[in-house]
Every structure is written in structure tokens, then in C-alpha cells.
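Worksheet: the structure to be examined is printed underneath.
2 protein chains.
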Amino acid sequence: MDASDLKFFAAVARTGGMARAADELNTVQSNVTTRIRRLEEDLGQPLFDRHSRGVTLTAAGKRLLPYAARISDTLAEARRAVDDDGRPQGPLVIGSLETTTALRLSPRLAEFAALYPSVDLTLRTGTTRELIEGVLARRIEGAFVCGPVDHPELAETTVFNERLCFMTAPGVRDLDALLGSADLKAIVLRLGCSYRQRMEEILTRRGVVGVRFLEFGTLEAIVACVGAGLGITMLPKSLIGGVWPVGRVGVHDLPAAEAAVETVFIRRRDAYVSSALKAFLAGVDPAVRSAAE
Amino acid sequence: MDASDLKFFAAVARTGGMARAADELNTVQSNVTTRIRRLEEDLGQPLFDRHSRGVTLTAAGKRLLPYAARISDTLAEARRAVDDDGRPQGPLVIGSLETTTALRLSPRLAEFAALYPSVDLTLRTGTTRELIEGVLARRIEGAFVCGPVDHPELAETTVFNERLCFMTAPGVRDLDALLGSADLKAIVLRLGCSYRQRMEEILTRRGVVGVRFLEFGTLEAIVACVGAGLGITMLPKSLIGGVWPVGRVGVHDLPAAEAAVETVFIRRRDAYVSSALKAFLAGVDPAVRSAAE
DNA sequence: GGAAAGCCATCGGCAAACGAGATAGGTGCG
DNA sequence: CGCACCTATCTCGTTTGCCGATGGCTTTCC
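Chains as they are written, first to last, in numbering that gives the first Met the number 0: chain A, 0 to 292; chain B, 0 to 292.
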């Protein structure tokens, strides 16, 4: 049993046929058949049931499949580890929440790019759920998400603590009156966003129900419309005064218990931490270095 | 880069020489040289420094080495997973503390062996520290140890809660007087045992210092000598009445906080849980099944 | 200083494995 | 029944891998 055998095996399992797998592997069908047969002989039992429309996994094949993926992942990771000579370089794919990007990351991105020109940084934004999935599937090396996550395959470190607040049009004094108005609109970044769920909970707790949610794709659009009085939103308070000037929107604090959100950095427990990632985390905040250990 | 290349690589790294590795791999030296050179070409950088006494790993080689072990482990595990058709069979190596064996396991061993005759069960006893190391090194599939362990690579489940007590010669009424005696001897199973540390703490807290520790290798020897008045020991209370008859030694309870010890079952988070292991855990205590999930 | 031992790199011969193409056999569909 | 689609098997070059022998290098021990 060798890694290349498992690559053949995985391709057959995925495509459901020897011929299709051969196509995908850029070889011919007879070749695939032979390798699979050899693998089956080696393991002492059939991995596929053959039938007229292709093949399907046997019970033994199903047990083997996850290992095929693991071996292939580990080999790729080994190659990256060897290539990584301690000087940050190569591709680095990081995930982040939109708000974290605006608040914590974007101010430092230029700096990082200038400092490590040989790193090809990709920053993916998405919801906490999407990012977790991406890290688990090894599509992204790590991500800043809304914590706590508490997943056995993920290592997580708290890196930022934010305080959420309601934002309204400037000059609004009586938040409760606004919340009580019949046609209150809440503007959120994405409907699946974790802040949106939090917002709904908080509103419900104050007896505000049936709020209409609008979904704007960018923070800029949200703050512009909130400032213009279209509706309210809930975002980290430190966006005001940092990224956005004071006075653009009205700020209404929440009780500490409701306001607190922690941003954690997650990565696969079993994955290699590249030098590029280490450097990135160190650059974001010197106190965050522990996330790379 | 293939799994067999990495096997060659690991052998060379371990033996420190191509010729020695060839010997170990049952092949010739020229072969090893070629494979290593090919691997280096594939990875684009040298993995070994050559010198007159053999070879040593370069920095890149050091980075690769852990992956070689991981690949080989994963392949072996895959084979086991494929062979494991759900009916418990094959080798099963379990670790356990001596006391846990006596108290919880030994009564069920015969039953398990009769129920699953095709499982080759090996039970290794040792200290918590030794067993943890064994699990991490994959020498044993899982182990019952003194918890909590709290290691990122290990999954742990509390399976038993024991209460420790002092044991003395039968008929001893005044434990404090005994503890105050000048030539008090404490008998422990092994000096590295976790109960021994606990015992020392408890004695210190009561102002008893400078106790001589004797190390007897078996529980039987300990209980015999304690019963004869040679010294005291500290063991799970439920040994009395279960494994040993009441009256063989004197029992002196401890306060609940000091007495409580939990026995946890640990296994590698990333390792395959064989059907044999599942069956074993289910047989030990139906409530323990969660440890296998 | 010179012989010997230990080590790695390289080369040529040979066998096994591999990849490609062709063919046969089986099944479902119109 | 013919066609489309699938897998199994066979043959034939080519490639790869393994082996044994040889040579160059360094260290060690007369």
C-alpha cells in the first residue's frame, strides 16, 4: 500500500468508476483497474463492488477512504514544511470576519505585505460558520472568527475582545423609543453572520420582535445607511474613532454582559503552522503570538 | 514523494548512514543513495549533509522527519481500519494502573477473553506518566490512568471515581498516633506512582514529614505487609470488600476532598478506535462507552 | 607514510513494474 | 438487436527499481 495507490483509490471512490477515475488521473482505465486490484490483493479484501454502471465502495473501502484523504493531506503538508525555511514565503490563506478585517487587520495589511514581499497573502472573509468549515477542510490555514468555537480538531486562542454597541443615526437620544417604533429596520452584513444572531437575541430580550432585517454586503454600506437614519445596526464599538470618524453614527452602549464578544484565532490542531502564518500573527498583535504555537 | 521514499528517509535519519539504513531495509546501499537523491531532487533541496562518518539531517530534513513518522503511522492505521470489519479481533494493547487493573479490570478480563476469542489482548501496567507516553508513541491503543491529563493530543473520558483511604494493620484505632510515630513506613507500589505523590502531599499537610517509602512491586505484597503491621499505604477504598476480604487491613477514611481520584481513559485523538477496543470498553462498564466515540 | 576499514556516489545489467492500447465480456436502454 | 457504457484481461514497449561492482574520500591504526 503506497500513497499513489491511495490516490488512485480515492479518485475511483470519488468518481464512482474506474474509467472516470482514469480520465481524472490522466491515465487509462486498464491501469486504474490493475492498481485497484493490486491494492485489494495487498489488503486481502475487495474495496469496491463492481456493477454495470461503475463501482461502489464496500464496507472495507468506506473504512479506508478517510485515510486516503489524510495521507494525501499529510504529504502536501510535509512538502510545505520542507519548503518553509523559516523565512516567511509562499502562499498564505487566512480567513477573517468582515468586522475583524476592518478593525484589526486592514490597518496592518500594507505593513505585512511590505515586510514580507515573498508571501502571497489571501484574505477570505465569511461568517464564522463558513470559516470554520474552511479551516477544517484545509482550504484556509487559519481564521479569525467569533468565539468560543470548541471543536476537538481545532486549536483556538482568544486574540481580541470587542464590545458591541447599537449604532443609529447621529443625534438619536432615546434608543428605547427608536427600538419601539413600528417599522424598525436592522441592517446586518450577512444574514448568517454571528452578530446578527446576537442582535436578534438582544432585541428579543428587550421585547422587540418582528424586526425586519436588511442585508448589506459591506460595512461601508451599512454605516452610510445607518448614519442616514435608515435603520440600526450592532457592531464593535471600536470601529468608531478608529476606522470611522466619531459622529458619523450615533453610539449606544450595551450592558457589559451583552456587549462582550471574543474574537478567536482558529487553526487545525494537526496542521503545520507555516512561518508566513507565524509572521502574520506576530504582526497583527505582538500579544497574539501564542496562537502559532 | 511517496510513502516508501519516506520510509527510506526515516531509516537513514535514524541510523545516520545510507549503508546502515540499507542493512535495516534489507536492500543495498546504492539503492538507498538513489532514492534519497531522488527525494532531494523532488523536494528541491538537500535533506542530508554527507560526511565521512555517515550523514546528518539538514534543517529541511529535520522539518521532514516528523511527517515521515506520521505517514507511516497513518498507513499502518489504515490497514488496521480496513482489516477491522466490526467484529472485534486482532491485537489489542491496553494500558492500566495496577490498582485499576485489580479493582475494575481483572474481574472482567476472563469474560472478555471468552466473549472475543479472536482478540489478542495485552494488558500493560505502569505509572500514569509511562502510560501517557506509551499512548502518545502509539505503543498502546489507550490506557486507564490517573486524571485529569489534559493533553492536546489525547482524548480523555472519566470512567471511574475512586476514594482513597489509608490502610494500616487491622485493629489500629488511632491513625494520628500511628502517623506520629518516629519510624513510620509508607509502602507504595512504585515510587513514580501518582498515588505516592498524593500520599506525600496528604502526609505533609498533616505535618508528617520524613516518612520512609518502601516500594513493593505488587498489590498483594503491599496488602500482606500492611496487614502485618509493617507500615501504612494509601489505596482505593473499594479494593476492600471487593478484591480483598474485610478485616485483612484496617481502613481509615480521608476527607472527601483528599480522597477523590478520578480514573480516566485516554487515547490518541487522531487514532483509529478499533472494534476490539470498543468491545473492551463496553465490557468494562456499559457507562464507559462514550470513551470510544 | 601506508595499509585498512568505513562511508557515499556512480555505472551497467537485469528484472519487475508501469503505462498505453486493443479486445473481450457483461448490463441496461431504446 | 444494436448501441452505449462499464470493467477485466492481454500484449507490448518503456520506464523504473534493484543489484552488484567500482571508485573516491576520510579516518584510523600500524
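Glycine included, each C-beta is placed from N, C-alpha and C at the ideal position. Computed from a predicted model, the values in this text were never measured in an experiment.
Local Cβ density within 10 Å of residue i, reported as buried at 16 or more and exposed below that
i	result
Asp119(B)	exposed
Thr124(B)	buried
Thr217(A)	exposed
Phe7(A)	buried
Val27(B)	exposed
Gly249(A)	buried
Ser274(A)	buried
Glu219(A)	exposed
Thr33(A)	exposed
Val225(A)	buried
Thr73(B)	buried
Phe212(A)	exposed
Asp149(B)	exposed
Gly60(A)	buried
Glu110(B)	exposed
Pro106(B)	exposed
Asp83(B)	buried
Val11(B)	buried
Pro151(A)	exposed
Arg86(A)	exposed
Val222(A)	buried
Val31(A)	buried
Ala75(B)	exposed
Given residue i as reference, the closest of the options once Cα atoms are compared
i	options	result
Ala80(A)	Ala10(B), Pro87(B), Gln44(B) and Phe111(B)	Gln44(B)
Thr99(A)	Arg78(A), Glu261(A) and Ala75(A)	Glu261(A)
Arg78(B)	Met198(A), Leu5(A), Gly226(A) and Arg107(A)	Leu5(A)
Ala176(A)	Val245(A), Ile265(A), Val207(A) and Gly282(A)	Val207(A)
Val158(A)	Thr121(A), Tyr271(A), Val222(A) and Gly282(A)	Gly282(A)
Gly53(A)	Leu102(A), Arg69(A), Thr14(A) and Phe165(A)	Thr14(A)
Gly133(A)	Phe279(A), Ala75(A), Ile265(A) and Ala58(A)	Ile265(A)
Arg49(A)	Ile70(A), Met17(A), Asp182(A) and Leu42(A)	Met17(A)
Glu129(A)	Leu183(A), Leu190(A) and Asp82(A)	Leu190(A)
Ser71(A)	Glu214(B), Met166(B), Arg267(B) and Ala2(B)	Ala2(B)
Ser237(B)	Ala259(B), Ala227(B) and Ala223(B)	Ala259(B)
Ala9(B)	Arg69(B), Leu42(B) and Pro169(B)	Arg69(B)
Arg162(A)	Val11(A), Glu257(A) and Val31(A)	Glu257(A)
His251(B)	Leu64(B), Pro169(B), Asp269(B) and Thr121(B)	Pro169(B)
Pro254(A)	Ser29(A), Asn30(A), Arg204(A) and Met0(A)	Arg204(A)
Leu122(B)	Leu153(B), Pro90(B) and Pro151(B)	Pro90(B)
Arg197(A)	Gly228(A), Ala181(A), Phe165(A) and Ile221(A)	Phe165(A)
Leu295(B)	Asn30(B), Leu178(B), Arg103(B) and Val263(B)	The structure shown does not extend to residue 295(B), since chain B spans only 0 to 292, so no value can be given for it.
Ala278(B)	Gln88(B), Glu76(B) and Ala67(B)	Gln88(B)
Leu102(B)	Ile239(B), Val31(B), Ile186(B) and Glu23(B)	Ile239(B)
Leu64(B)	Ser51(B), Leu46(B) and Glu76(B)	Leu46(B)
Ala227(B)	Ile186(B), Thr156(B) and Leu202(B)	Ile186(B)
Asn209(A)	Asn160(A), Ser51(A) and Lys184(A)	Rather than Asn, the amino acid found at residue 209(A) in this sequence is Gly. Minimum Cα distance to Gly209(A) is reached at Lys184(A).
Glu214(A)	Leu202(A), Tyr194(A), Ile201(A) and Glu200(A)	Tyr194(A)
Leu104(A)	Val171(A), Val222(A) and Val242(A)	Val242(A)
Thr127(B)	Val272(B), Arg172(B) and Leu188(B)	Leu188(B)
N-terminal and C-terminal residue of the alpha helix (DSSP H) that residue i is part of
i	result
Leu92(B)	Note on residue identity: the sequence assigns Val, not Leu, to residue 92(B). Premise fails: Val92(B) lies in the beta strand (DSSP E), Gly89 to Ser95, not in any alpha helix (DSSP H).
Ala185(B)	Note, Ala185(B): premise wrong, no alpha helix (DSSP H); beta strand (DSSP E) at Lys184 to Val187.
Phe215(B)	Counting along the chain, Phe215(B) falls outside any alpha helix (DSSP H), and DSSP gives it neither H nor E.
Leu104(A)	Segment: none, Leu104(A) is in no alpha helix (DSSP H) and carries neither H nor E.
Thr127(A)	Thr127 to Leu135
Gly179(B)	Leu174 to Gly179
Val11(B)	Ala2 to Thr14
Arg197(B)	Ser193 to Arg204
Asp22(B)	Met17 to Glu23
Where the beta strand (DSSP E) containing residue i begins and where it ends
i	result
Phe143(A)	Gly141 to Cys145
Leu163(A)	Leu153 to Thr167
Thr124(B)	Val118 to Thr124
* Does the count of Cβ pairs from the region 138-151 of chain A and the region 105-116 of chain A closer than 8 Å reach three? -> no
* Asked: Going along the chain, which unbroken runs of the beta strand (DSSP E) with 3 or more residues stay wholly within the region 230-282 of chain B?
  -> 232-235, 249-252 and 259-267
* Does the region 125-141 of chain A come within contact of the region 91-103 of chain A, defined as at least 3 CB pairs closer than 8 Å? -> yes
* Within the region 41-100 of chain B, note down every full beta strand (DSSP E) run reaching 3 residues or more, in order along the chain. => 47-50, 53-56 and 89-95
* Asked: On the three-pair Cβ rule with 8 Å, is the region 34-43 of chain A touching the region 214-234 of chain A?
  -> no
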